[in-house]
Amino acid sequence: MSTATTTAPARAPENYLNTDYSWKSWLLTIDHKRIAILYLISISFFFFVGGFFAVLMRLELLTPAGDLVQAETYNKLFTMHGLILVFFFLIPGIPGVLGNFLVPMMIGARDLAFPKLNLLSWYIFITGGLFTMYAVAAGGVDTGWTFYTPYSSTYANTHVLAVGIGVFITGFSSILTGLNFIVTIHTMRAPGMTWFRLPLFIWAHYATSIIMLLGTPVIAITVLLLALERLFHIGIFDPAIGGDPILFQHLFWFYSHPAVYIMILPAMGVISEVIACFAKKRVFGYSFVAYSSIAIAILGFFVWGHHMFVSGQSPYAALVFSILSFLVAIPSAIKVFNWTATLYQGAIALKTPMLYALGFIGVFTIGGLTGLFLACLGLDVHVHDTYFVVAHFHYVMVGGTVMAYLAGIHFWWPKMFGRMYPEFLARFAAIVVFCGFNLTFFPQFILGYMGMPRRYHAYAEEFQVLNVLSTAGASILGLGYLIPMCYLVWSLKYGEVARKNPFTARGLEWTTSSPPPTMNFEETPVVTEEAYAYHTAYLNEEDYVVR
Amino acid sequence: MSASSTPARRAQPLHAAGLAHHFEDLPQQHEAARLGMWAFLITEVMFFGGLFTGYAVYRNLYPAAFRLASHHLDVALGTTNTAVLIGSSLTMALAIREAQIGRWKPQIGYLIATMLLGATFLGIKSIEYHHKWVDHLMPGPSFDVSVFGAEGPHARIFYSFYFVMTGLHAFHMVVGLGLMAWITRRAARGDFTPGHHTALEMTGLYWHFVDLVWIFLFPLLYLIGRHG
Amino acid sequence: MWQDFPLFPDSASSVSGRVDAVFFFLIGLSIFFGVLICALIVVFAFKYRGTPLRKRGTPIEGSLPLELAWTIIPLGLTMIIFVWGARIFFAESIPPADATDVYVVAKQWMWKLQHPTGQREINNLHIPVGQAVRLTMTSEDVIHSFYVPAFRVKQDVLPNRYSRMWFRATKTGVYHLFCAEYCGTKHSEMIGHVYVMEPQDYERWLSGAAADEPLEVAGRKLFESQRCDTCHKEPPDARGPSLVGLFGRQVALEGGGETVANEEYIRESILRPFAKVTKGFQPLMPTYEGQLGEEQILQLVAYIKTLKAPAAGAEDRR
């Protein structure tokens, strides 16, 4: 990764990228920034594998008849699409790449508290990924990413075991990452970096880590029991020998609903940073945004039953889960309102990360509001397990998390690699992604209310028009994802050399060179101001590029 | 490691022995290790918590089968094992105490005693497992449901929990013994001083946690319906 | 008017209108907040775009009244929706007294339906308009879900237990029946139709459809062929409790406690007789697990439900 070009000085200053080029220095690195790059590469791989399966699914759904692939193949496609993108992209995505890179830098530390554990996390992640990819290559798995018993435990004859082991293993990567973040944020803040001076990105990662620590072990034990059930027929989830398949659903969603917040909270952290920088303002209601992250993390643990309103649980349990699900919507609403208010009287620059961030707010608002439809008991009975649900969680996961991930990657790309990307092309791609996304998933809300069930290989003819629209949108969206992939790789070698702080942002990560030295800072920084102190005289106005 | 070889080292006072490159001072490092260990133990609680939840659900569903199946466990061996494990926690605590006051020899002695007691526990456990194997009480196709009459299928669920819970506990014991061997070697090398024995303390925390899990497992599995 | 809108499902049951109403309320709410947020973003983004820093006013920290407003107003709105949705949910949960029974057994990948009068259907269900229908459902293998979009109702169907749902169709027509819980390879082929008919057409269909014997008759034959009556007869020489007037009654159990004799209890007592033994009896009954299929058990349940105590012996019920 040479940084020498015509515009750059003959030899770039020593930084974490050019300090050593050997394979060993990468694969045995304990530098959190290099580990972040390892995550970036592996996560991009999983993203495109999972995306490829989505493309095949959307092509199949172009016509009502199941004519492109067999039903069995289709079932494997949506299973592996969900599995790979949930467990190997969305959950580790922002924490693994941006969190790893930025958590120590934002709090003024030299590394995470346990650097070797951090590297171990990545290896565990890769091991879990290998098991899953083995299952994919050996013929796939067809249980749906939710592994509902007794189908997964007794009836499916695909590679459930290998995938189960993959998910089990990769869970420990999440646990160790969360543990590392919590300890780092508690013990390694630079002098003066009090809790209420922390960037909201850090608050979001702190809340995420709590969920990782408390939720992931439960899915681990659940998947372990499922594997034992398949191997030895121990009977815990098999109704034929006295087991209770509903218990599996409870245990599964006890993790997998909070896991949704593992996916969205870091995204919210990214959005707070980007909005503040490109509005050149402190985030409106900083402490409310910070506390709402914690509130989401805690409340998120008590709403899992809303996935089970029609599964036959007690109607009184359903009542409790319904009201709690409405409550967890409130902190998300608080965030949306505060971000919007941050724009008021800002000095707004519509750069690429900001375009993604503004798109995020709009799309996430729709994703959040449609969540109310699903929390509403009488209505959920109708739309549960239809495309309405599919549309809802893609608005949150793809429109939310993936857009925020792209916002973050563009925002910190100059910091990570010391290079700028072509701004015009990047803005164009952001608009393509936004349009493609909405065209893909908005029709699915209508399909869902019309009653089209999810996970259908063939469907009734009246659903076709909307499915064609959705597939058209997906092809635009796919293109929108390929463009950044191309110009970002291109920029590594040919991009304009980035300054220390190209967006004139506040935050400790912008006070060190781009890319940063291995130890992050020349001297341990001392913090004397609140976060996002954009109103102070620190900024040189000539340096501040508007538009 | 690449990080330690970099010339971009910051100008700062010479690092104390045992201080990693990214910490400012030893107290910070110690605090990080302690917090990390506690956070890890919390995830362990959740890990076993999932199992305890499942256990509670089925015990509530099939109380008679659980009582019947539990009576086939060997209470004498279980009680012995409980005593052995509590003893090992005591020797572990004493080893840390010796490290705090800087006495080298008794420290090693207590560590070895802890390991021996841990190994005794695993030995007794394997005898119990062997009995269950002989009696066809291992969950799986070979499970002999006829032992429990009509409650057979549900007794099998009890034994599934028994083996998964005690098996995971035993796995934690094995990991603990490995840690203990490593810690003993370090202690023998004289790594631990009264002011600096974080690794020993952390291993102790872990060992006490594993002990505590057993304190819950023992009554839940062995003592159902034996009161009064 | 929505019935003619091509992007909207048929609305053909007594709850579908109520579900649509809360749906439209939520749509209105979503449009309001969605448009509000998007409009603010667009207005702010263009109004303040490129504002030089020095032109800005004093820094804004936040505003407690605003925070409270956008916490309390959404909270109030969501609580309205909660109560509204919960009321519909409970209406959907409790079947009316006049409901007729239909028994459903799901398996990979078909729906087997039995009318009490003996008609059997596969993947189709014929019902009269205006009549409440209660489904008692179970599965022979994995979890399925009975879903009729036009009725806005859905219920998972689980192995080893009964789940219930009910609906009252309000409009004749042919409506989709889907399996909504992923159940394996041919999940998307586990579909069928619900035919809602005028009562006279329904009567004609009933008489025309090839009917087996009514369920309770089949159940009685099974009861006799399995020799259930050797033990389950009237005291004093009964080794098992009498089943006359059992259904719906509170049953005192051996070892304390009581239970309601509903469909689940009868099914459980056939398959696992020792689970709940009636007070005053020995656990002597053999298990019928693996010997009776789900459809046969439903026939037995239907028969036992018909065993009403004779009017003269009413005081016998205690």
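In order, the protein sequence lines correspond to chains A, B and C. Note that the numbering used here gives residue 489 to position 490 of the first sequence, counting from 1, and the numbers run on in steps of one. Heads up, the numbering used here is the position in the second sequence plus 275, with the first residue counted as 1. Heads up, the numbering used here is the position in the third sequence plus 930, with the first residue counted as 1. Note that beta-carbon positions come from the ideal geometry of N, C-alpha and C, so glycine has one too. It should be emphasised that the depicted structure is a prediction, and the values quoted were computed from it without experimental measurement.
Would you tell me roughly how many angstroms separate the C-alpha atoms of residue 1158 (chain C) and residue 1209 (chain C), rounded to the nearest one?
-> Reading the third sequence from its first residue, position 228 is the one you call residue 1158 (chain C). Reading the third sequence from its first residue, position 279 is the one you call residue 1209 (chain C). If I take the Cα positions, the gap works out to 19 Å.
Give a yes or no on whether the C-beta atoms belonging to residue 1039 (chain C) and residue 1149 (chain C) are separated by under 8 Å.
-> Within the third sequence, numbered from 1, the residue matching residue 1039 (chain C) stands at position 109. Within the third sequence, numbered from 1, the residue matching residue 1149 (chain C) stands at position 219. It is not a contact, given that the beta carbons lie outside the stated cut-off.
Proximity test, Cβ basis, 8 Å: residue 321 (chain B) and chain A | As a first step, residue 321 (chain B) is located in the second sequence; it is residue number 46 there, counting from the start. It does; some Cβ of chain A falls within 8 Å.
Which value, in whole angstroms, describes the spacing of the CA atoms of residue 489 (chain A) and residue 428 (chain A)?
-> The residue you call residue 489 (chain A) lines up with position 490 of the first sequence. The residue you call residue 428 (chain A) lines up with position 429 of the first sequence. Answer to the nearest angstrom: the Cα atoms are 15 Å apart.
Does the beta-carbon distance from residue 36 (chain A) to residue 92 (chain A) come in below 8 Å?
-> In the first sequence, residue 36 (chain A) corresponds to position 37, counting from 1. In the first sequence, residue 92 (chain A) corresponds to position 93, counting from 1. Contact flag unset, no.
Quick check: the region 186-204 of chain A against the region 516-525 of chain A, are there 3 or more CB pairs under 8 Å?
-> yes
Where do the ends of the alpha helix (DSSP H) carrying residue 250 (chain A) lie?
-> For the purposes of this step, residue 250 (chain A) is taken as the residue at position 251 of the first sequence. Start and end: 244-278.
Determine whether the Cβ of residue 276 (chain A) lies closer than 8 Å to any Cβ atom of chain C.
-> Locating residue 276 (chain A) in the first sequence gives position 277, where the first residue counts as 1. With 8 Å as the cut-off, residue 276 (chain A) does not count as an interface residue toward chain C.
Taking all protein chains shown into account, do 16 or more other C-beta atoms lie within 10 angstroms of the C-beta of residue 477 (chain A), making it buried, or fewer, making it exposed?
-> Mapped onto the first sequence, residue 477 (chain A) falls at position 478. By the neighbour-count rule (16 or more Cβ atoms within 10 Å), residue 477 (chain A) is buried.
How should residue 193 (chain A) be labelled, buried or exposed, when 16 other C-beta atoms within 10 angstroms of its C-beta is the threshold for buried?
-> Position 194 of the first sequence, counted from the first residue, corresponds to residue 193 (chain A). With fewer than 16 Cβ atoms within 10 Å of its Cβ, residue 193 (chain A) is classed as exposed.
What did DSSP end up calling residue 1058 (chain C) once you bin it into helix, strand or coil?
-> In the third sequence, residue 1058 (chain C) corresponds to position 128, counting from 1. It is a strand residue.
Compare the C-beta of residue 1143 (chain C) with all C-beta atoms of chain A and state if any pair is closer than 8 Å.
-> Within the third sequence, residue 1143 (chain C) is the residue found at index 213, counting from 1. No, no contact with chain A.
Tell whether a beta-carbon distance below 8 Å holds between residue 1052 (chain C) and residue 1111 (chain C).
-> Locating residue 1052 (chain C) in the third sequence gives position 122, where the first residue counts as 1. Locating residue 1111 (chain C) in the third sequence gives position 181, where the first residue counts as 1. Their beta carbons are not under 8 Å apart, which means residue 1052 (chain C) does not touch residue 1111 (chain C) by this criterion.
If we ignore side chains and look at the alpha-carbon of each, how far apart do residue 71 (chain A) and residue 1107 (chain C) end up?
-> Reading the first sequence from its first residue, position 72 is the one you call residue 71 (chain A). Reading the third sequence from its first residue, position 177 is the one you call residue 1107 (chain C). Their Cα atoms are separated by approximately 22 Å.
In chain order, what residues of the region 1203-1237 of chain C put their CB closer than 7 Å to some CB of chain B?
-> 1204, 1217
Top-ranked residue by Cα proximity to residue 1100 (chain C), from C:1061, C:1078, C:1048, C:1119 | Here residue 1100 (chain C) refers to the residue found at position 170 when the third sequence is read from its first residue. Residue C:1061 is the option with its Cα nearest to residue 1100 (chain C).
Under 8 Å between beta-carbons, which chain A residues line up against residue 431 (chain B)? List them in chain order, please.
-> As a first step, residue 431 (chain B) must be located in the second sequence, where it is residue number 156. Near residue 431 (chain B) (Cβ distances below 8 Å), the residues of chain A are 233, 234, 240, 241.
Return the chain-ordered list of same chain residues with a C-beta closer than 7 Å to the C-beta of residue 494 (chain A), the five sequence neighbours on each side being excluded.
-> Indexing the first sequence from 1 puts residue 494 (chain A) at position 495. So the list reads 418, 419, 420, once near-sequence residues are dropped.
Name the chain A residues whose beta carbon is nearer than 8 Å to that of residue 1089 (chain C)?
-> Taking the first residue of the third sequence as position 1, residue 1089 (chain C) is located at position 159. Those are 149, 238, 239, 244, listed as they occur along chain A.
Please classify residue 1028 (chain C): does DSSP put it in a helix, a strand, or coil?
-> By one-based count along the third sequence, residue 1028 (chain C) stands at place 98. Looking at residue 1028 (chain C) - three-state DSSP - the assignment turns out to be coil, as it is neither helix nor strand.
So, does the CB of residue 358 (chain B) fall closer than 8 Å to a CB anywhere in chain C?
-> The residue you call residue 358 (chain B) lines up with position 83 of the second sequence. Chain C contact via Cβ: absent.
At least one CB of chain A closer than 8 Å to the CB of residue 468 (chain B): is that the case?
-> Your numbering for residue 468 (chain B) matches position 193 in the second sequence. No - not a single Cβ of chain A is within 8 Å of the one on residue 468 (chain B).
Reduced DSSP category for residue 978 (chain C) - H, G, I as helix; E, B as strand; rest coil | Against the third sequence, residue 978 (chain C) aligns to sequence position 48. It is coil, neither helix nor strand.
Output yes if chain A places a C-beta closer than 8 Å to the C-beta of residue 932 (chain C); else output no.
-> Position 2 of the third sequence, counted from the start, is the residue given in the question as residue 932 (chain C). Here residue 932 (chain C) scores only 46 on pLDDT, less than 50, and its place in the model is too uncertain to base an answer on.
Which chain A residues are close to residue 971 (chain C), counting only those with a beta carbon under 8 Å from its beta carbon?
-> Here residue 971 (chain C) corresponds to residue number 41 of the third sequence, with the count starting at 1. By Cβ distance, chain A contributes 339, 342, 357, 360, 361.
Throw me the rounded Cβ distance for the residue 1024 (chain C) and residue 952 (chain C) pair, which I believe falls under 8 Å.
-> The residue labelled residue 1024 (chain C) in the question sits at position 94 within the third sequence. The residue labelled residue 952 (chain C) in the question sits at position 22 within the third sequence. Going by Cβ atoms, the distance from residue 1024 (chain C) to residue 952 (chain C) rounds to 18 Å, so no, they are not a contact pair.
Hey, would you say the C-beta of residue 322 (chain A) is under 7 Å away from at least one heavy atom of the ligand MN?
-> Among the ligands in the structure shown, none appear at all, so the ligand MN cannot be discussed.
Can you name, in chain order, every residue of its own chain whose Cβ lies under 7 Å from the Cβ of residue 201 (chain A), other than the five neighbours on each side?
-> Here residue 201 (chain A) is taken as the residue at index 202 of the first sequence, counted from 1. Once the five neighbours on either side are set aside, the close Cβ partners of residue 201 (chain A) are 102, 105, 106, 184.
If you check the beta carbons only, do residue 135 (chain A) and residue 79 (chain A) fall under 8 Å apart?
-> On the first sequence, residue 135 (chain A) is found 136 positions in, with the first residue counted as 1. On the first sequence, residue 79 (chain A) is found 80 positions in, with the first residue counted as 1. Yes; because the gap between Cβ atoms is below 8 Å, this pair is in contact.
Alpha helix (DSSP H) containing residue 1130 (chain C): first to last residue?
-> Numbered from 1 along the third sequence, position 200 holds the residue referred to as residue 1130 (chain C). That run of the alpha helix (DSSP H) goes 1129-1138.
Short Cβ contact (8 Å threshold) for residue 210 (chain A) with residue 311 (chain A) = Locating residue 210 (chain A) in the first sequence gives position 211, where the first residue counts as 1. Locating residue 311 (chain A) in the first sequence gives position 312, where the first residue counts as 1. Taking 8 Å as the Cβ cut-off, residue 210 (chain A) and residue 311 (chain A) do not qualify as a contacting pair.
Listed by chain order, chain C residues near residue 425 (chain B) by CB distance under 7 Å = As a first step, residue 425 (chain B) is located in the second sequence; it is residue number 150 there, counting from the start. Those are 1204, 1217, listed as they occur along chain C.
Counting pairs of beta carbons, one from the region 153-160 of chain A and one from the region 126-145 of chain A, are three or more of them closer than 8 Å?
-> yes
Report yes or no: do the region 341-358 of chain A and the region 263-280 of chain A share at least 3 C-beta pairs separated by less than 8 Å?
-> yes
How about residue 407 (chain B): is its C-beta nearer than 8 Å to some C-beta of chain A?
-> Stepping through the second sequence from its first residue, residue 407 (chain B) is reached at position 132. No, residue 407 (chain B) does not count as interfacial toward chain A.
Alpha-carbon to alpha-carbon, residue 109 (chain A) and residue 459 (chain A) | Working through the first sequence from its first residue, we reach residue 459 (chain A) at position 460. Working through the first sequence from its first residue, we reach residue 109 (chain A) at position 110. Each residue's Cα considered, the two are about 58 Å apart.
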